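Novice: Just remember that the numbering used here sits 38 ahead of the position in the sequence shown, which is counted from 1.
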Amino acid sequence: MLSLIIFFPAFAAMLGFLIDEKSIKVYGVCIAFIEFLLTLFMWFSFSGSIEEFSLINHLSLVGFLNVNYTVGVDGISLFLVILSSFMTFIGLISLNLKGNLKHLVISILFLEMTMMGVFLALDAVLFYIFWELSLLPMLYIIGAWGSGNRIYAAVKFFIYTFFGSVFMLVAILAMAYLHYRTNGFWSFSIIDWQNLQLPLNTQIWLFLAFFIAFAVKTPMFPFHTWLPYAHGQAPTIGSVLLAAVLLKMGTYGFVRFSLPMFPDASVELFNLVAILAVIMVIYTALIAYAQDDMKQVIAYSSISHMGIIVLGIFAMNIEGISGAIFMMISHGIVSGALFLLVGVIYERRHTKMIAEFGGLANVMPRYALIFCVVMLGSIGLPLTIGFVGEFLSLVGIFKANFIYAILGGIGIIVGAIYMLNLFRKVFYGVCDKEENLELKDLNLRELITLVPLCLLVIYLGVSPNIMLKPIDMSVNQMMVKMYNKSLKSETKEFIVNSNRIGGR
């Protein structure tokens, strides 16, 4: 089933070359819908109560090096796979670009294949291949269908992310060699690596190599400068997939590689990572407040919220990590919806400048209502999807270090200020520009894309346990493995104390 989920979009993309230009969008939407149904069926087939990974598919590729095609799913990756298929489906429905639409749809389907591969791969070589392949479709999407200085934005995106990947490749080869030295045979299995005990100094060097790759992708300060350019010049669907899914590859890497493989190094470097994450939260939140462009506000807001996710992950307790994984999903839904909403107004006015708007609530009431709900989810209003992940992440980091929790909370408060300020300027006041008076409200295609996202913002805020139970189960298994694998008593003490406070 997992192999079908990974390669079905790529196979469909190849067949897409035979489809005519007029039918390609319908074809792409149908393929994405089938893929979404496959991921839902995967969820219904998922059973992780005992096994660490479910639905494992294994095939030997390079026998003497023990490089294998191994894929599997657990509670950590389950909903990221579903998010990827759902946002691709929604993004293709929203597609309203002119030009060579066939190549764009084919690129998106190939990108979907790489996203599925990253979240389902259990072999490091396979993970790295999908990780690198994801750069090519997005490079093409930004460079060919973007606006403004799109070539510069595309190249900067590629160079930054490829630079980080070089360090990850070196770390992968080093881990395979260390496994050979320890056990007498080569292995690129992520599961084998998570059982490999390493001395602290070795853990630190390998942690830093993986950290650079994941930090660039997340993107963490000071590796974040490529993202505003990429968002600013990318077409709407490019921004949606970039914010909703591709950024999560970095934080997913922290959970899948950094914590379980290098628990002692994670504790040793906790303060460094937390300080970078706090800077990321507050600094980019202040930059977002100063922006005049709606899309740039959301782009910097996206970076700020990713900082909360990083804080939750490195709290190294069940609340923090589970909250961070839940927040990956909520951030994907909310940020994707916000970029779609900006795309709606850009199609009508061909501008994203905040000063060009005002009083839109009177002209476009349906648009204003949906924007309001999504915006409230973004700032973490209770009973919305954004609140659950932020609350659990902050609880987790509070149990590890209350100072970092307070600083992270300040960033969230600033986030509420700039989002409410954006909403006030765009939707309230007097509509004093004639161009805005003639704007049409959301049409049927736009409602089909935005209403499901709006409903998810509310439903998963009210009833989050449908996602939290599988996530908690896998995180708990990972925490036990980290404790047993640790060679330092300080790490064991940190894990125990961080999970004991609050009685959970």
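From the three backbone atoms N, C-alpha and C, an ideal C-beta is built for every residue, glycine too.
None of the values given here were measured: they were computed from a predicted structure.
Identify, in the order they occur along the chain, each residue of the same chain with its Cβ nearer than 6 Å to the Cβ of Cys-492, setting aside the five sequence neighbours on each side.
Specialist: For Cys-492, where only same-chain residues beyond five positions count, the Cβ hits under 6 Å are Ile-408 and Val-411.
Novice: Could you tell me the alpha carbon to alpha carbon distance between Ala-399 and Val-468, rounded to whole angstroms?
Specialist: Roughly 10 Å separates the two Cα atoms.
Novice: Run the CB neighbour count on Met-391, radius 10 Å, all protein chains shown included, and call it buried at 16 or more, exposed below.
Specialist: Exposed: under 16 other Cβ atoms inside 10 Å.
Novice: Output the distance between the C-alpha atoms of Phe-201 and Tyr-218, rounded to the nearest integer angstrom.
Specialist: The straight-line gap from Cα to Cα measures roughly 27 Å.
Novice: Alpha carbon to alpha carbon, what distance is there between Met-125 and Gly-540?
Specialist: Low confidence applies to Gly-540: its pLDDT is 43, below 50, so where it sits in the model is not reliable, and the reading given next is rough at best. Using only the alpha carbons, I get a separation of about 36 Å.
Novice: Taking the alpha carbon of Met-517 as the point to measure from, which residue in Asn-233, Gly-181 and Ala-191 has its own alpha carbon closest?
Specialist: Of the listed residues, the one whose Cα sits closest to Met-517 is Asn-233.
Novice: For Gly-427, which residues in the same chain have their Cβ closer than 6 Å to its Cβ, ignoring the five residues on either side in sequence?
Specialist: Cβ within range, chain order: Gly-361, Phe-364, Met-365 and Ser-368.
Novice: Out of Leu-118, Leu-458 and Ala-393, which has the shortest C-alpha to C-alpha gap to Leu-419?
Specialist: That would be Leu-458, whose Cα lies nearest to the Cα of Leu-419.
Novice: Under 8 Å by Cβ, that's how I've got Met-154 and Ile-44 pegged, so tell me the actual separation to the nearest angstrom.
Specialist: That belief holds up - the Cβ atoms of Met-154 and Ile-44 are roughly 5 Å apart, short of 8 Å.
Novice: Using 8 Å as the cut-off, can you tell me whether the segment 295-313 makes contact with the segment 247-264, which would need three or more C-beta pairs spanning the two stretches below that distance?
Specialist: They touch, by the three-pair rule.
Novice: Check whether the segment 375-386 and the segment 318-336 are in contact - that is, three or more C-beta pairs closer than 8 Å.
Specialist: With the cut-off at 8 Å, the segment 375-386 and the segment 318-336 touch.
Novice: Under 9 Å, Cβ to Cβ, is there at least one residue of chain D near Asp-230?
Specialist: Protein chains in the displayed structure number just one, and chain D is not present.
Novice: Going by other Cβ atoms of all chains shown within 10 Å of its Cβ, with 16 needed for buried, is Asp-112 buried or exposed?
Specialist: So Asp-112 counts as buried.
Novice: Starting from Val-283, trace the beta strand (DSSP E) both ways and give me its first and last residue.
Specialist: Where Val-283 is concerned, there is no enclosing beta strand (DSSP E), given that its DSSP letter is neither H nor E.
Novice: From the DSSP output, in three-state form, read off Tyr-321 for me.
Specialist: Note: Tyr-321 maps to helix in three-state DSSP.
Novice: Just tell me which of Gly-499, Met-52 and Glu-306 has its CA closest to the CA of Leu-149.
Specialist: Of the candidates Gly-499, Met-52 and Glu-306, the one whose C-alpha sits nearest the C-alpha of Leu-149 is Met-52.
Novice: Measure the beta-carbon distance from Thr-422 to Gly-499 and round it to whole angstroms, keeping in mind my assumption that it falls under 8 Å.
Specialist: Indeed, because the Cβ distance is near 4 Å, the residues count as touching under 8 Å.
Novice: If you measure between the beta carbons of Ala-162 and Ile-210, is that distance less than 9 Å?
Specialist: A contact, by the Cβ cut-off of 9 Å.
Novice: Please state whether DSSP places Thr-256 in a helix, a strand or coil.
Specialist: Of the three classes helix, strand and coil, the one that applies to Thr-256 here is coil, per DSSP.
Novice: Can you tell me which of the three DSSP states Ile-435 falls into?
Specialist: Looking at Ile-435 - three-state DSSP - the assignment turns out to be helix.
Novice: Beta-carbon within less than 6 Å of Met-258's beta-carbon, same chain only, minus the 5 sequence neighbours each way: which residues are those?
Specialist: Closer than 6 Å at the Cβ level, and outside the excluded window around Met-258, lie Leu-314 and Met-318.
Novice: Rounded to the nearest angstrom, what separates Gln-241 and Tyr-466 at their Cα positions?
Specialist: Going from the Cα of Gln-241 to the Cα of Tyr-466 covers about 54 Å.
Novice: On a CA-only basis, which of Arg-404, Met-511, Pro-273 and Ser-225 is nearest Asn-355? Give me that one, please.
Specialist: Of the candidates Arg-404, Met-511, Pro-273 and Ser-225, the one whose C-alpha sits nearest the C-alpha of Asn-355 is Met-511.
Novice: Quick check on Thr-108: buried or exposed, where buried means 16 or more other Cβ atoms within 10 Å of its Cβ?
Specialist: Thr-108 comes out buried.
Novice: To the nearest angstrom, how far is it from the Cα of Ile-72 to the Cα of Arg-483?
Specialist: Whole-angstrom Cα-Cα distance: 19 Å.
Novice: Hey, Ala-281 and His-262: beta-carbon distance below 9 Å or not?
Specialist: No, the pair does not count as a contact, with Cβ atoms beyond the cut-off.
Novice: Taking the alpha-carbon of Leu-376 as reference, which of Ala-182, Tyr-166, Tyr-405 and Phe-429 has the nearest alpha-carbon?
Specialist: Closest option to Leu-376, Cα to Cα, is Tyr-405.
Novice: Quick one: using the 10 Å Cβ neighbour count with 16 as the cut-off for buried, is Leu-130 buried or exposed?
Specialist: So Leu-130 ends up on the buried side.
Novice: Which complete alpha helix (DSSP H) runs does the segment 434-486 hold, if anything under 4 residues is left out?
Specialist: Runs of the alpha helix (DSSP H) inside the segment 434-486: 440-465 and 472-475.
Novice: Taking the alpha-carbon of Val-495 as reference, which of Val-464, Ser-416, Thr-289 and Ser-122 has the nearest alpha-carbon?
Specialist: The option with the nearest alpha carbon to Val-495 is Ser-416.
Novice: Counting only the same chain and skipping the five closest in sequence on each side, list residues whose C-beta sits under 6 Å from that of Met-323.
Specialist: Per the sequence shown, the amino acid found at residue 323 is Ala instead of Met. These residues qualify, in order along the chain: Ser-342, Gly-449, Val-452 and Gly-453.
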